[in-house]
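Heads up: the sequence shown begins at 1 in our numbering, then just goes up one per residue. Below is one structure; the comments refer to it alone.
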Amino acid sequence: MTSDFARMLRGASLRVTGPRVAVLRAVHDHPHADTDSIIGAVREDLGVVSHQAVYDVLRALTDAGLVRRIQPAGSVARYEVRVGDNHHHIVCRSCGAISDVDCAVGHTPCLTAADDSGYEIDEAEVIYWGQCPQCAAAASAAPGGDRSHAALGTGRAAQPWIQRSQGQEQSAIRTRQRDSEEDRRV
Ligand SMILES: [Zn+2]
Ligand SMILES: [Zn+2]
């Protein structure tokens, strides 16, 4: 495996170094990991490595196209080695889990804009939001059930759907704030 990573580095005209191989391996083994998880995995591999060294390697690998950086709203940056296929992501609103979703149709950019305004489009970045199976199961198992169902149960106006979608929008914003507080604590 190390030789595969070394070959990837050479193929991108990057010098093969221990930290670069360790970061590539960490991103390969932990798809969509954030920087802290990658630092943890690299340290298990190499022992002492500074945050800055890992940041620098991640930037070099991203610039060279060996690693793709994604950052869903409200999330810290995540990294993956699945590059070049323009796949999309589905993100859990509750726990932040991320899964890959293949292109909607065919190759990059895989989505045709209704009106391209004259731009030459080369990428479509799509994020599907929802609840992962674990969070959905936990919500329906919890006493009182899932809050959005409880809200619907009040059955007041004929617009519960509109109110509900606004509520989801707000909960997404709250999640985003919570995440940035966590960032600051780190
Ligand atoms: Zn979840
Ligand atoms: Zn992915």
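Heads up, the beta-carbon is just placed ideally off N, CA and C, and yes, glycines get one too. A quick note: this is a predicted structure, and the numbers were derived from the prediction, not measured.
Around the beta carbon of arginine 82, fewer than 16 other beta carbons sit within 10 angstroms, so the residue counts as exposed.
For glutamate 80, the enclosing beta strand (DSSP E) has its first and last residue at 78-80. When the beta-carbon positions are compared, histidine 89 and isoleucine 98 come within less than 8 Å of each other. Annotation for alanine 77 indicates a beta carbon at 7 Å or more from all heavy atoms of ligand 1. Between ligand 1 and the CB of alanine 97, the shortest heavy atom gap is smaller than 7 Å.
When DSSP states are grouped into helix, strand and coil, valine 48 belongs to the coil group. Residues Glu80 of the same chain have their beta carbon placed closer than 6 Å to that of proline 31, with the five preceding and five following residues left out of the count. Within 10 angstroms of the beta-carbon of serine 75 lie 16 or more other beta-carbons, which makes it buried.
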